[in-house]
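Read left to right, the sequence shown gives residues 1 to 487 (UniProt numbering). Notes for the one structure printed next.
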Amino acid sequence: MAQTEENPEFFPSIADVVDKTNAGDEEDISAKPMEEIESLCMQCGEQGVTRMMLTSIPFFREVIVMSFRCEHCGHSNNEIQSAGKIRPEGAMYTVKILNRSDLDRQLIRSESCAINIPEFQLVLPPSRGQLTTVEGLLRDIVADLNVQQPLRRIQDENAYAKIQEIIDGLEEIIADDEEEDVEGKDKLEKRDLSKEDPVARAITITLDDPSGNSFLEFVGSMSDLKWNMRTYERSLEQNRQLGLAPPAEDKEENAVDETEQQQPGGPDEEVFEFPGICSRCSRPLVTRMKKVSIPYFKDTLIMSTNCDNCGYRDNEIKSGAAISELGKKITLKVEDRDDLSRDILKSDTSGLSIPEIDLALHPGTLGGRFTTLEGILDQVYEELTEKVFNTGDSGVADVDDRAAFQEFLRKLKQVKNAEIPFTLILDDPLANSYVQNLYAPDPDPNMEVVAYERTWQQNEDLGLNDMNVESYSGDGTTDGDVKTQSS
């Protein structure tokens, strides 16, 4: 938002634009908050008018809003472009549409943003930029799908039926108090629907924008239970699509380079590949493993599995060092958003807890993860959110429990956005977990690391009580066994 602070006259807020429009003199050109330019209409070939306005959207950034209208044929459209820089990370917004008020949420879609509505198995590829509401988006989808329906009905009746099912479902969701012809009556009646009434069918809308220049409005604050936003690192292909990376070289040259890197004896032997079978579709896949040395910690093994056939993905973290003699408990006081960027390694034997909100994850939950504190809290929130919104009718009887769980999610959202201070505790009996020390090699004043002796039960759960590695000779016997046999 640096541009807004430096040049507020170029990108005034929407409220300032409205005030200026209401108070401005029609004859005073300088008082107009937008520019008007004559431009060619691509429908009829006559001259239309393009209006362009520079404004800033609260909690978002500077944008350029453009609107075209032709008075000759009535054709019109609108477009929005970001006036800021491409963000260093991509952004994914998710909102649950449960009540009619959710249809009024403002939505900004950049030209690189894809939209997904999983309930209808509907994916909208990147298109022109758009400033609208959720309801406006759904209406545009209905209008676009309706255009070719008469032709589909003739050429492909099966496709027509499937698309018509989507259209009917979306129209049912956005049905409002517009006048409708009521069967059996000569007059037109209006349906009075409150904004707090539930929609006919709850849906999820996801905006996935590698450029990070899209936006979906939250209600009240970022603790809005129906709303979620997370950032992610762009892939090489996404950087190429945004023009941030050079195009791919010749496939044969790439194949040779990859072979040299992956085979022993090549220029880079750090990444190893192991063939395997996908647990979901039983097709062949490849698991890649790399050894990583974490500063001021120990060596770890990162394993990644991707299936090109069904899209299954999994990653896992394992310790590359010997079993520690002591367990380790890490306590971190999180006071601001800077702490959310700390690297964190949570092994599959570590428990995670935040006492301020009564959050406790047992060892094994989430598996091994090497990410940031923000990333692991986002994952916890997403998995718990799916449970509370996908309970269906089975959760109606437990209204109190559901309300309590939603209150817990509200507090968890405050925690993951660092809106309130909290304490993160990692308790790992194998000492294979790690939280980045921002003051290394000096002690971190906000973090306490305590080593402790494991209990007998912890060793039993880890399978260490029956393990004997003392005086191991490497031939299947111990030195004590050899002496016994010799005597």
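Where is the CB? At the ideal position from N, CA and C, for every residue including glycine.
Counting along the chain, the unbroken alpha helix (DSSP H) around lysine 162 starts and ends at 157–174.
Closest option to asparagine 309, judged by alpha-carbon separation, among Phe215, Leu242, Asp338 and Ser282: Ser282.
Under the rule that a run must span 4 or more residues, the alpha helix (DSSP H) segments found entirely inside the stretch 201–253 read 236–241.
When DSSP states are grouped into helix, strand and coil, arginine 454 belongs to the coil group.
Tryptophan 456 counts as exposed, since fewer than 16 other beta carbons sit within 10 angstroms of its beta carbon. Judged by their CB atoms, glutamine 436 and arginine 342 are nearer to each other than the 7 angstroms cut-off. Take asparagine 228, set aside five residues on each side of it, and the residues of its chain with a beta-carbon closer than 6 angstroms to its own are Thr94, in chain order. Distances from the CA of methionine 53 to each of Phe68, Glu46 and Met42 were compared; the closest alpha carbon is that of Phe68.
In the DSSP assignment, glycine 136 falls within the alpha helix (DSSP H) that extends over 134–147.
Nearest to glutamine 121 by alpha-carbon distance, out of Glu407, Ile163 and Asn99, is Ile163. Straight-line measurement puts the Cα of asparagine 417 at about 8 angstroms from the Cα of methionine 222.
Here glycine 243 is not near alanine 91, since their CB atoms are 7 angstroms or more apart.
The criterion of a C-beta distance shorter than 7 angstroms is satisfied by leucine 225 and arginine 410.
Assignment of proline 198 by DSSP, reduced to helix, strand and coil, places it in the strand class. Nearest Cα to valine 142 within the set Ile302, Glu157, Leu131 and Leu124: Leu124.
Contact annotation: aspartate 428 and threonine 349 have beta-carbon atoms nearer than 7 angstroms. If you ignore the 5 residues before and after glutamate 38, its C-beta comes within less than 7 angstroms of the C-beta of Gln47 and Val49, all in its own chain and listed in chain order. Setting aside the 5 residues that flank it on each side, cysteine 307 is surrounded in the same chain by Cys278 and Leu285, each with a C-beta closer than 6 angstroms to its C-beta; the list follows chain order.
With contacts defined by Cβ atoms closer than 7 angstroms, isoleucine 203 and isoleucine 115 do not form a contacting pair. Looking from the CA of isoleucine 174, the closest CA among Thr133, Gln241, Lys290 and Val63 belongs to Thr133. Spatial neighbours of leucine 103 in its own chain (CB-CB distance under 6 angstroms, excluding positions within 5 residues in sequence) are listed in chain order as Val134 and Glu135.
Secondary structure of aspartate 339 (DSSP, three-state): helix.
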